């Protein structure tokens, strides 16, 4: 579908009865002039490629700048007060005149007929259809861009059919793809799949193109892009530039969408899997032996062979640890002054109970921050469900030796702690662990 800036046209043929006066959208106008300048295509060749009248092509070449269609000021209809709204909304409702008519009647006090809306939408829908048929494929150089998307399909397992989400990353130049099945599209799975793709290719491109999922970004009230902070940190960590398609222009990432369709049509039909692990294994084998080895329909080359020209241009990732292991993660300190990390629990100064801290693993050391200040460090345990407590973090040790507690302490809270906690010498606990001896 078209961006609203590209559908500023109407068919004057409805008034004049001629196709010569059909106005051309800005994107197609720019494509016509670019192909004429860069490739020297003739008027006839351009007319055939864009399925337009040669007179219209000549007019585009004569114009120094694109101009949107402007209605005759003498024509005053019931739509005059609603045209801006309609042009901004039409692509969002998939060119449905019925939906637009209902919205105008309900929200904007429109008193005209449905047929008037229908006549207004018809040329815009026609342009969208033509534009979809005459897209000029945008090619990128080696190592320049990847396209990323999710696909969903119902998959046959021995236990029955259930939906599976497929992460697909396609290298824009070689068309080599990476495919990974997931139970959902949450951010953790999304980022993990990226890193699996980086390992698969031995690097990544400088730019990644996405649709607009919430795991990547969302639009604020002013319509501006607001990046998901974790995803933005992930992109900065791996040093790639994220880009998103314009609204309602998903065909911009047609390379990865073709990959999703290819997966559904070539890999899934007729297959049954034991579980998702078995699915992952079969998918990897299919990718290596079929997808990478086929003659691609657009490049007319084998993706794996074409990848050899792209391999050296990728940004290497082998020496860099996974984002999850190096990123700081927020935790709330529990009432026992412990925070959880990777199935284990680690102590922090008890004065931070109820407050937010950040944990970060650096090699085999777990560092815990409060307001960007290190408050605790622990060796990372390779076991699971273990407690790692440093005695100086407890309230008894603070009261006994007078050490200053971490964080801003409330004097009333300090007094309450002294009243509630009975201070004992550690030898009391050692005695409790000794075997009980019966007196003779």
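Numbering (the working numbering), first residue to last: -18 to 421. The beta carbon of each residue, even a glycine, is placed where N, CA and C say it ideally should be. Computed from a prediction, not measured in an experiment: that's the story for all the values here.
Scanning the region 272 to 346 from its first residue to its last, the whole beta strand (DSSP E) runs of 3-plus residues come out as 310 to 313, 319 to 322, 325 to 328 and 337 to 343. Residue 127 has 152 and 189 as its beta-bridge partners, per DSSP. DSSP links residue 136 through a beta bridge to 143. Closest option to residue 258, judged by alpha-carbon separation, among 271, 328, 145 and 333: 145.
By a beta-carbon distance limit of 8 Å, residue 158 contacts residue 240. Their separation comes to about 5 Å.
As DSSP reads the structure, residue 163 sits in a beta bridge with 146. In this structure, DSSP gives residue 32 a state outside helix and strand, which the three-state scheme calls coil.
Counting the other Cβ atoms within 10 Å of the Cβ of residue 104 gives 16 or more, which makes it buried. Secondary structure at residue 41: helix, using DSSP grouped into helix, strand and coil. Between residue 348 and residue 358, the gap from beta carbon to beta carbon is short of 8 Å. Residues of the same chain with a CB within less than 6 Å of the CB of residue 243, apart from the 5 flanking positions on each side, do not exist. The C-beta of residue 223 has 16 or more other C-beta atoms within 10 Å across all chains shown, which makes the residue buried. Secondary-structure assignment with DSSP links residue 224 through a beta bridge to 190.
A direct Cα-to-Cα measurement between residue 191 and residue 250 gives close to 27 Å. For residue 267, no beta strand (DSSP E) encloses it; the enclosing alpha helix (DSSP H) starts and ends at 257 to 267. Taking 8 Å as the cut-off, the Cβ atoms of residue 374 and residue 325 do not count as close. Contact annotation: residue 333 and residue 356 have beta-carbon atoms nearer than 8 Å.
Rounded to the nearest angstrom, the Cβ distance from residue 67 to residue 91 is 10 Å, too far for a contact under 8 Å. If you look at residue 10, you'll find it in the alpha helix (DSSP H) that goes 7 to 20. Note on geometry: alpha-carbon atoms of residue 220 and residue 24 lie some 44 Å from one another. At the C-beta level, residue 147 and residue 134 come within 8 Å of one another. DSSP, read as helix, strand or coil, puts residue 60 in coil.
The shortest CA-to-CA distance from residue 342 to any of 352, 331 and 327 is the one to 327. Here the region 267 to 283 makes no contact with the region 123 to 143; the two share fewer than three CB pairs at distances below 8 Å.
In the structure shown, the three-state DSSP call for residue 72 is coil. Per DSSP, the beta-bridge partners of residue 208 are 198. The C-beta separation of residue 310 from residue 339 comes to about 7 Å, placing the pair in contact by the 8 Å criterion.
C-alpha of residue 8 to C-alpha of residue 186: approximately 27 Å in a straight line. With respect to the 8 Å criterion, residue 76 and residue 100 are not classified as neighbours on the basis of their beta carbons.
One Cα belongs to residue 297, the other to residue 124, and the distance between them is close to 11 Å. In the DSSP assignment, residue 357 falls within the unbroken beta strand (DSSP E) covering 354 to 360. Bounds of the alpha helix (DSSP H) holding residue 79 are 78 to 88.
Separation of the CB atoms of residue 303 and residue 176 is rounded to 6 Å, and the pair is thereby assigned contact status at 8 Å. For residue 174, the enclosing alpha helix (DSSP H) begins and ends at 168 to 182. Between residue 122 and residue 292, the C-beta gap is not smaller than 8 Å, which leaves the two residues out of contact.
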